[in-house]
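Note sheet for the following structure.
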Amino acid sequence: MSGTADGAVRVSDELRAAVVDCAQRMVADGLVIGTSGNVSARAGDEIVITPSGRGYDKLRPAELCVVGVDGRPIDLPLRPSSELPMHLAAYQQTAAGAVVHTHSMFATAVATCCRALPAIHYTIGFLGGPIRVVPYATFGTGELAEGLRMALADRHGALLQNHGAVAVGQSVEQAYERARLLEWLAELYYRSSRLGSPRLLSTAELDAFTAQVTAVSYGTNDRPPGTASPPG
Ligand SMILES: [Zn+2]
349 MSGTADGAVR
359 VSDELRAAVV
369 DCAQRMVADG
379 LVIGTSGNVS
389 ARAGDEIVIT
399 PSGRGYDKLR
409 PAELCVVGVD
419 GRPIDLPLRP
429 SSELPMHLAA
439 YQQTAAGAVV
449 HTHSMFATAV
459 ATCCRALPAI
469 HYTIGFLGGP
479 IRVVPYATFG
489 TGELAEGLRM
499 ALADRHGALL
509 QNHGAVAVGQ
519 SVEQAYERAR
529 LLEWLAELYY
539 RSSRLGSPRL
549 LSTAELDAFT
559 AQVTAVSYGT
569 NDRPPGTASP
579 PG
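As C-alpha cells, then:
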C-alpha cells in the first residue's frame, strides 16, 4: 500500500509485485493448472486482482486490474478475473488484505465429496475451525459470491463444491500460506479417511488450542496465524 497527497491509500508497486509472485507460486506449487485460480489484494478502497485468461508465467505487474471495493473500474489493462464478485464478497465479509483462490487437488476433492472439512488436525484452528463447503454455483456468479461470503463468517478459508478453495489473510503472503495449509489439511483428511474413521478434534480441544496459541503469543502481529510454523 502507499499513501497519496490526498491521504488515500492506493495500490503500490510492491503490492502488485506480491500479487504476481503469489500467482506464479500457485502454479509452481501445483495449486492450480493453466490460468485457473486468481489472487487479489486490498489497499484502502482499492482492490488489485489478476486478469482473466493470462498465463501467470508471463504476467507483469502492470497487467493487473484495479477496481474499487464496490467493483467500479479504476485501471483495467485487461479483463479482470471472472471471480471478481467472489473476491469482493470476501472483502465485504472479512477484514482481509488479500484473497487467494485455487483449484488445489485435495481441497477440491473434499469439496466434491464432503459437506465440510472437519477438525482433522489442530492447525485448522489457524483457519478459524472446521471449513465450510459453499454449495455449487456457476463460477463468476453473484450466487457463488454470496455463498462464499456466508462461508467465511469467522473463518479464514472456505471450500467451493465441485470447484476449489479460497483463503484470506492480512497480507498476500498470509493468504497464500493459508491456502497451502487448507490444501495440506484436505490431503490429511483424505489420507486418514483411507485408513479408517479419523478421530476429529472436539470444540473443547479447538478452544484449548486457541487459548494455547494466545498463551505462547502465536497469533500476534509478529507471528500472524497461518504464517507461523505450528507449535509442537
Ligand atoms: Zn475457480
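Numbering of the sequence shown is given in our numbering, commencing with residue 349 and proceeding in unit increments. C-beta: ideal position from N, C-alpha, C; glycine also.
Judged by their CB atoms, P478 and G495 are not nearer to each other than the 7 Å cut-off. DSSP, reduced to helix, strand and coil, places C462 outside both helices and strands of the structure shown, so it counts as coil. The distance from the Cβ of P466 to that of L548 is about 5 Å, consistent with a contact at the 8 Å cut-off. Around the Cβ of E525, a 10 Å sphere holds 16 or more other Cβ atoms; the residue is buried. By the criterion of a C-beta distance shorter than 7 Å, V359 is surrounded in its chain by A391, E394, V396 and V414, once the five residues flanking it on both sides are discounted.
With a cutoff of 6 Å, G490 does not count as near ligand 1, since its C-beta is closer than that to no heavy atom of the ligand. Between V387 and V367 the beta-carbon gap is near 5 Å, inside 8 Å, which marks them as a contact.
For S452, there is no enclosing alpha helix (DSSP H), since its DSSP letter is neither H nor E.
Between T398 and S429 a beta carbon distance of about 5 Å is seen, short of the 8 Å cut, so the two are scored as contacting.
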